[in-house]
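In our numbering, the protein residues as written are 2 to 740.
All C-beta atoms, glycine included, are put in the ideal place defined by N, C-alpha and C.
Here the structure is a predicted model, which is why all the values come from computation and not from measurement.
To start, the structure under review is shown below, and the notes come after it.
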């Protein structure tokens with residue numbers, strides 16, 4: 002019936018079963034390994050993220066310590082000379098701690114310190130107000146030259162960014178007399194007048210900018226209320242600035258610093274030329290970052306819950322108050338010198354003029370970036386109702402290289418990530434890890450996963466640090482998992498490959514056994530049928546006397562054929578049980594040839610063939626260790642095979658020859674003149690149960706075990722068997738070693 006299923010194991014079913022079992026093992030193993038690798042990768046990501054958080058805290062702590070030292074400097078420290086000790090008991094002065102050269106500061110990149118008074122005059126603690134007593138102050142000409150050069154650089158930076166009006170720059174080396182002041186005012190060049198007009202024209206724009214903010218938000222309203230509550234000195238100073246004439250350069254200078262610290266400038270800074278924005282960076286937030294964000298959200302929710310309960314809220318409020326007080330304005334009493342006679346070699350001098358002690362109020366430092374790229378760290382000082390600006394100019398590269406890059410490269414983060422430094426959303430620098438060939442790279446080329454981002458504390462609160470991964474190292478245990486996975490998959494692949502091939506061989510063997518049973522049944526049935534038929538005819542007397550001899554010979558030949566078939570089957574059974582035992586005895590080549598001739602001569606003649614026997618000279622007396630029965634069975638099987646496959650040949654001749662090979666072996670060859678053997682089958686014909694040709698169209702008879710037995714018996718006697726094609730026919734060669 003069509004569509005009937007075929008029971009039993011087939012190659013297609015074997016492949017299906019092996020594939021399903023293989024996938025059933027590989028898929029769960031792969032999922033487990035992938036999950037393990039993801040967990041290890043997440044652990045590595047988390048560890049490096051903690052390192053990034055610790056580095057951000059360390060950088061912030063270093064900056065806060067440096068700012069705290071700068072905050073500790075008094076108002077008087079921004080002058081060249083300061084009073085040493087208690088002003089009520091001390092009469093000695095010394096150089097200001099900010100007057101050292103080269104400039105030293107805990108904040109990397111500080112170019113120098115400056116002060117701008119209420120009138121817009123620029124001074125620096127690097128030089129005294131007048132240089133006519135420089136020799137008395139312990140300054141050499143070379144020292145003054147270098148200090149003056151640095152002062153001019155600071156002044157150029159401030160004036161270029163319109164923080165100090167050029168017509169108020171204090172660059173005089175000697176303090177002029179009032180008459181000289183009058184003469185200089187009368188001889189002022191037209192260019193200075195033009196600059197004054199320019200500043201007068203710029204002042205209304207600044208005023209318009211401040212007056213344009215009609216709507217005040219809640220934070221601005223609180224700031225306005227705080228401003229109303231400032232001490233009297235601030236109120237006096239602000240009133241004086243409001244009533245000052247529009248042409249006054251001091252108001253222009255002070256308002257420019259106000260713009261640097263105003264809330265309006267704290268909005269995201271627009272992208273400058275040749276600068277990239279943080280949002281332009283191609284930073285990817287992968288699953289790790291999202292999971293970390295989820296954990297952060299959960300921690301924040303838990304923290305909020307604890308704050309509602311009370312204990313955490315009180316601690317948080319105390320911390321906020323402590324930080325607020327640390328950044329609040331302070332009042333201090335400062336002793337200012339009216340004049341000194343000079344300094345001694347040790348840097349101290351006795352005070353010749355009176356000491357003036359006054360109270361001043363000092364605001365905390367603020368940080369802003371100038372258009373030229375430098376940073377200015379400044380604070381407002383209130384004295385006698387006037388406002389002064391004190392601060393330092395910081396080089397951008399010096400700050401990044403001296404602190405951020407140095408600390409970054411000291412950690413393991415430099416081996417797997419890049420550090421992006423941004424200010425108000427503008428990327429200042431990208432510090433690549435040690436794996437990058439170039440020390441700097443373009444921010445637009447940065448393409449990685451965001452590891453961590455952090456902001457610094459005030460006054461560096463506009464600084465933003467971002468770590469992007471360029472190579473995430475494998476976590477602990479990752480190599481063990483990888484090697485274990487490779488071993489597991491290798492074992493699975495090799496095991497299933499071996500299992501599949503064993504199954505295919507078993508299927509092939511089963512088919513060959515089925516074919517063998519069919520062929521043996523046929524080989525047994527055919528001669529038995531003939532023997533039975535001729536036996537019945539002879540018993541009933543149906544055969545004449547002339548035919549009886551022929552019938553007896555036929556019965557004898559078929560009996561010999563059955564005997565050979567049964568002998569082959571028994572020999573095969575012994576081989577399968579590894580019970581093949583041979584008794585090797587020495588025989589000469591001549592004796593073996595005579596023994597073989599007596600066994601096959603009648604078989605060859607009855608088949609209608611002629612057999613030739615040939616022994617090469619010099620090999621007749623060569624002795625070979627063979628089993629006579631096994632050797633005879635080998636030759637009989639080869640002759641029987643030659644007769645079957647050359648039955649249709651024109652020349653029905655079988656050649657048997659013995660020839661020596663290097664005095665160590667003798668080769669026995671059996672050749673027919675049939676069609677020969679195809680090259681693709683020359684190795685297969687010695688396989689068990691293999692029969693050449695199609696099972697449905699095969700014309701020759703046989704069981705497929707004859708040549709397989711030949712190989713096994715020859716190898717058991719220490720020899721080898723091979724086949725070569727002749728023209729025409731094929732030749733089987735049996736190589737047996739000499740004794």
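{"query": "For residue 74, the three-state DSSP class (helix, strand or coil)", "result": "coil"}
{"query": "Contact check, residue 79 vs residue 114, beta carbons under 8 Å", "result": "yes"}
{"query": "Span of the beta strand (DSSP E) around residue 384", "result": "376 to 384"}
{"query": "C-alpha gap between residue 419 and residue 472, whole angstroms", "result": "10 Å"}
{"query": "Residues near residue 52 by beta carbon distance below 8 Å, same chain, minus five either side", "result": "412, 413, 414"}
{"query": "At least 3 beta-carbon pairs within less than 8 Å: the stretch 603 to 623 vs the stretch 644 to 657", "result": "yes"}
{"query": "Opening and closing residue of the alpha helix (DSSP H) in which residue 706 lies", "result": "Per DSSP, residue 706 belongs to no alpha helix (DSSP H) and is neither H nor E."}
{"query": "Three-state class that DSSP yields for residue 397 in the structure shown", "result": "helix"}
{"query": "Delimiting residues of the beta strand (DSSP E) encompassing residue 112", "result": "111 to 117"}
{"query": "Exposure of residue 334, with buried meaning 16 or more beta-carbon neighbours within 10 Å", "result": "exposed"}
{"query": "Same chain, Cβ closer than 7 Å to residue 155, neighbours up to 5 away in sequence not counted", "result": "112, 113, 115, 125, 394"}
{"query": "Residue 742 and residue 563 closer than 8 Å at C-beta", "result": "This structure gives no information on residue 742, because the portion of the chain shown stretches from 2 to 740."}
{"query": "Nearest to residue 482 (by Cα), restricted to the options 423, 32, 17, 16", "result": "32"}
{"query": "Beta-carbon proximity check, residue 726 vs residue 678, cutoff 8 Å", "result": "yes"}
{"query": "Whether residue 330 touches residue 363 by CB criterion (8 Å)", "result": "yes"}
{"query": "Coarse secondary structure for residue 278, derived from DSSP in three states", "result": "strand"}
{"query": "Rounded straight-line distance, which links the Cα of residue 163 to that of residue 741", "result": "Because the chain is modelled from 2 through 740, residue 741 falls outside the range shown and cannot be assessed."}
{"query": "Buried versus exposed, by CB contacts within 10 Å (16 or more), residue 713", "result": "buried"}
{"query": "Alpha helix (DSSP H) segments (min. 4 residues) lying fully within the stretch 604 to 670", "result": "629 to 646"}
{"query": "Counted within 10 angstroms of its Cβ, other Cβ atoms place residue 630 as buried (16 or more) or exposed", "result": "exposed"}
{"query": "Three-way DSSP call (helix, strand, coil) for residue 13 in this model", "result": "helix"}
{"query": "Residue 23 beta carbon less than 8 Å from that of residue 493", "result": "yes"}
{"query": "Given 8 Å, three or more beta-carbon pairs between the stretch 520 to 536 and the stretch 555 to 572", "result": "yes"}
{"query": "Whole-angstrom distance between residue 621 and residue 583, CA atom to CA atom", "result": "24 Å"}
{"query": "Helix, strand or coil at residue 60 according to DSSP, with G and I counted as helix", "result": "helix"}
{"query": "CA-to-CA distance, residue 539 to residue 578, given in whole angstroms", "result": "42 Å"}
{"query": "Three-pair Cβ contact test at 8 Å for the stretch 63 to 70 versus the stretch 484 to 503", "result": "no"}
{"query": "For residue 721, the three-state DSSP class (helix, strand or coil)", "result": "strand"}
{"query": "Residue nearest to residue 632 in terms of C-alpha spacing, selected from 691, 715, 99, 609", "result": "715"}
{"query": "Between the CA atoms of residue 432 and residue 406 - distance to the nearest angstrom", "result": "7 Å"}
{"query": "Alpha-carbon to alpha-carbon, residue 358 and residue 375", "result": "35 Å"}
{"query": "C-beta atoms of residue 380 and residue 367 nearer than 8 Å", "result": "yes"}
{"query": "Whether residue 82 touches residue 106 by CB criterion (8 Å)", "result": "no"}
{"query": "Whether residue 722 touches residue 671 by CB criterion (8 Å)", "result": "no"}
{"query": "N-terminal and C-terminal residue of the alpha helix (DSSP H) that residue 572 is part of", "result": "546 to 577"}
{"query": "Contact under 8 Å by Cβ, residue 84 with residue 102", "result": "no"}
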